[in-house]
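Since the structure comes first, as structure tokens, the remarks are kept for the end.
Residue numbers (our numbering), protein chains in the order written: chain A, 1 to 677; chain B, 1 to 655.
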């Protein structure tokens, strides 16, 4: 699940919510120009080369299993553009007949097959507003089916192929007028931008029109949904508002599409999400949190018998963070992270889950996509030395075949070796795992500079992703410079079970800190890391921990903190998911002031002497930019060397490629400058 | 002359029925009066008037320049158009009026022949122009300006516009242009200062050969303690320091005979509550002498008298204003003082000859107008008719009132009675707290548009108390420094004892109290409701609620460390103890939080912190955020909305 270092998946995010892979718009291949340069000129990994690695989403298998679609994304950085471009690709399940299905300057994403496998639906904002299109698999251009004037979210085609249902919001004419008239004050927490559920027929009526039909609407936001196998009902998520913090209030309802009659299906104080009908339509599987909907707790798969609405909680998965893929006959398939990798599990209706599949090397994610019949599955696979590609497999055999060729032509640069290492925490002997990337062409016995990279979450995890991919931390470029990189999964990380994930409750900055320092110690005692050449960096919760580290020790020669928390009291009152802090600290800050103060880096800031680079997006509502400013102002007034860079328009995870590239370079340059390398 | 009858016939549809009681909308009919500048020979006066423009897609203020003879006759509006014109000044020969305007799309300097004709643009500055001053010999216009780096525009277009905080400060430098165009019709621009430090303000020497200027490291509001004075020779560009000490130096003025330079100087080290003295420099010997203290130790220097023997300055005095003259051998003497009302210090100007004073004046029941006063004697003469023709609606009476605080210190404030006040009857009371904390409530017109609709409250039957607790300006240095290390302590008591006093004399209804304030007034409001439940409604405007996070995010990080004796990490308990947010669990009062979204002085996060804590606890709370608005809202539609929200919140929870 958290296979990417994207801070979008990090800090204080709802860990059970599956991230749609198309929301991970990591940029990939850039201009043709660089591809034409001889490989010899590109002797090592650089941020520019990383920007050429495309992001590939999991393949979506067709209903008949013969075909698959997926998307590939690369950055566009010429002239006045700084954006990611995503296009849809198609191939046979054996990888033959590969072709690019969509084209143009605007992205196309969220592809899905028609019921007869003869066409592909997709979403695109090619006209300026996001709409839904359809294109034949065997030739011809795309046709727009949904021309929506407001904002359009997720969509799904009914199993019988007759309807497209989509979550959407109508245009806000009142808001637009208020803006023009300069009467655009905002009353906080009023007027949530809730999405309703709509549908249009796939085929036009006699007049050639596709009239919109509002299926459900109310004082709530419609999230993910699933069509019943007979195409007559839809099970859908609701929450009071689209606010991230309302995810814990998610419930599931069911609507009869024809009549619009709704009924509650899973409405409790727990958070219910990801509804998936069984193939016979008798059951609904979904994910349910524990009763208090605390984020720092486990979730379960629940099996609901729709007649009678009787529900049964299925046995716990190893990490208690299952992501539902769907049904295969009488089994429920789900995916979950495990250590530095991911696993596909199969849960029978009556028994415990069993591992079904794991790639031989590396990891896959964020999910596994099943066709409705449950005969084929699609995924995207990568390994530390192998860029991501899309794969398809028959579920019966689970032998994935590569269908995409997004990154096969990348220059084959020497890439640092990445291995999983273990050590014991100095705090209490707990077993801790992490990924150690050695410099390219490393010679055993040589001591090299070490970068400690800390992931976000804290319930995130580093997994065996391709280290050459673009992202905020250019691991392959670090390795190319001759630096080792340690990416640890300290207590609080996901993928190691619930007790491990919740062992940082009431304890930020102590056990997790010791786990990290012990990892650095281990890398030193292995003879790899030079203790006089250490650097530390991280984003989001990783930025919090970097801020913490510089108040606790001077062992690092420099630090780079990105979108990091520094003052937990002001953080509580200004970020968009305060209840996550309540969960970790067992109360609001005014109920537990001593705890929030003690665990704030700013409360210990007078000790911070390490030269620190602070990076922050200016439109970050997850960890507000004020957290960065508080850290910056304090260090500046203390006289500690500090530099802060702010990125306009940028939310919690930087997206504009030119900014991502700048951030990669700043990380490289900051380390280079302070380690004298 | 327009009579009331004629007004009634010609009123536009919106005024078909003239209002009978004050409303927020009516307040916007009133114009502000800004700079008032008498000509060198005193025969004419120019001034500015500002009005609010509220139209379908416009929400802004527009300033125009007016001119009249010194006796108020021959009044004309000199500038016109959709864009503001401001900062009028006369040429020495009295023929031209110079001003600045952004009518071309960028701020530039213009001049207009008083005898007639349209204005002519003199500068063509490609950057951001600050302020200008015409040389005494009429030959040169000096102005401050900042030219952004040439790649800034390009970086923005190409989305390479990350910002390295505190790098490349937008320092203003001094530029010169000749007033007369050359043979090619051009006025070549010359950059005089190097821009390495930011030029805040400047003034020409009487012989037009030098410019004295105030400079500080960067334009940051936090840098004023590091301001110094220097003089630059116009011909050579050589810079000579006049005062470069640990104290902050500002407001240089030359005597007409060129013998003296005077300026205001802070204490060493500078304190944010301000305590300034006037320093007189004898230019020939470079000797400087600190002159006796003024009453409030916050003088604004206006200039020297014609004979160079006395320095004229203006200063707040309690709820009014006084103008003083300081002989070069001290002490200061009062030369003019209002018996009611105030003089707008920012708009007051002494003419170049040192003979006439231009002053905007208003009182609690009289809207502002422009006046001129001859220094040698006489009464101020009104020049403008900015607000004379508006209907005179009933106003609650406003007068200063005194009481003793809990520790016996005498505190003064302004009490506005409700319209039709009946002695013996109790009324709901609004406690309105000013900002600063070194701000001051003075006898300004209660009917003006502004965040607090005092006249409208009075019209609706509320009494309003606006206290000047310790920490306020206008009552001397000791009083102003009396809240150091004690925000929320005795200053809080000063306010509450004011209410107690009004209850004890039978004016205020103790069950119908509301509290509201902006900035430091927002701090005190958010503090007050953690200390007492006596108020039925509270409105916090751009309030400081968390001293710790404020220091890390405001554009003045040096401010609280001065008031509280150290940085947040050395005075941690102190910062916590005096933060309203620390006691937020005590709040039960229904609270409205208002905040500008572009506020860099008190960041919007201060409002969010308090609001979210109240909301989570189930306290009745609401927050409204105003896009584009800095620390003081400027767009009239938003100000109107804020006035209405104050009224509605109080009506809902207090009545």
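Even for Gly, the Cβ is constructed at its ideal location relative to N, Cα and C.
Reduced DSSP secondary structure (H/G/I, E/B, other) of residue i
| i | result |
| --- | --- |
| residue 223(A) | strand |
| residue 454(B) | helix |
| residue 387(B) | coil |
| residue 64(B) | strand |
| residue 251(A) | strand |
| residue 236(A) | strand |
| residue 440(B) | coil |
| residue 211(A) | coil |
| residue 34(B) | strand |
| residue 423(B) | coil |
| residue 473(B) | coil |
| residue 651(B) | helix |
| residue 590(A) | coil |
| residue 646(B) | helix |
| residue 296(A) | coil |
| residue 251(B) | strand |
Spatial neighbours of residue i in its chain, beta-carbon cut-off 6 Å, leaving aside the 5 residues before and after
| i | result |
| --- | --- |
| residue 445(B) | 362 and 367 |
| residue 416(A) | 437, 438, 439, 440 and 479 |
| residue 29(A) | Caution is warranted here: a pLDDT of 33 is assigned to residue 29(A), below 50, making its placement in the model unreliable, and the coordinate value is therefore given only provisionally. Contacts found: 52, 54 and 74. |
| residue 402(A) | 95, 389 and 391 |
| residue 136(A) | 119 |
| residue 515(A) | 425, 432, 490 and 491 |
| residue 134(A) | 119, 121, 143 and 145 |
Cβ neighbours of residue i in the same chain (closer than 7 Å, five flanking residues each side left out)
| i | result |
| --- | --- |
| residue 159(A) | 115, 227, 229, 231 and 372 |
| residue 605(B) | 549 and 553 |
For residue i, the residue or residues it bridges with in DSSP
| i | result |
| --- | --- |
| residue 187(A) | 624(B) |
| residue 660(B) | The question about residue 660(B) has no answer, for chain B in this structure spans 1 to 655. |
| residue 441(A) | Answer is none; residue 441(A) lacks a bridge partner. |
| residue 419(A) | 436(A) |
| residue 300(B) | 314(B) |
| residue 323(B) | 314(B) and 336(B) |
| residue 285(A) | 276(A) and 303(A) |
| residue 233(B) | 210(B) |
| residue 623(A) | Note: residue 623(A) sits in no beta bridge, so no partner. |
| residue 308(A) | DSSP output for residue 308(A) lists no bridge partner at all. |
Whole-angstrom C-beta distance between residue j and residue i, which should lie under 8 Å
| i | j | result |
| --- | --- | --- |
| residue 108(A) | residue 88(A) | 5 Å |
| residue 660(A) | residue 410(A) | That pair is no contact at about 18 Å. |
| residue 540(B) | residue 549(B) | So it is not a contact: roughly 16 Å between Cβ atoms. |
| residue 641(B) | residue 185(A) | 6 Å |
| residue 281(B) | residue 311(B) | Going by Cβ atoms, the distance from residue 281(B) to residue 311(B) rounds to 12 Å, so no, they are not a contact pair. |
| residue 396(B) | residue 419(B) | 5 Å |
| residue 213(A) | residue 224(A) | Rounded, the Cβ-Cβ distance is 20 Å, inconsistent with contact. |
| residue 277(A) | residue 235(A) | 7 Å |
| residue 493(B) | residue 406(B) | 4 Å |
Proximal residues to residue i (C-beta, below 8 Å), its chain only, five neighbours per side dropped
| i | result |
| --- | --- |
| residue 31(A) | Confidence at residue 31(A) is low in this model, with a pLDDT of 32, below 50, so the placement of that residue should be treated as unreliable; the coordinate-derived value is given next. Answer for residue 31(A): 77 and 78, listed in chain order. |
| residue 369(B) | 33, 360, 361, 362, 382, 383, 384, 385, 386, 387 and 388 |
| residue 609(B) | 545, 546, 549 and 581 |
| residue 617(B) | 584, 585 and 587 |
Q: Enumerate, from N- to C-terminal direction, the unbroken beta strand (DSSP E) stretches of 3 or more residues contained entirely within the segment 484-518 of chain A.
A: 484-489
Q | Whole runs of the alpha helix (DSSP H) within the segment 522-566 of chain B, excluding any shorter than 4 residues | A | 547-553 and 559-563
**Q.** Segments of 3+ residues assigned as beta strand (DSSP E) that fall wholly inside the segment 589-641 of chain B
**A.** 591-596 and 621-626
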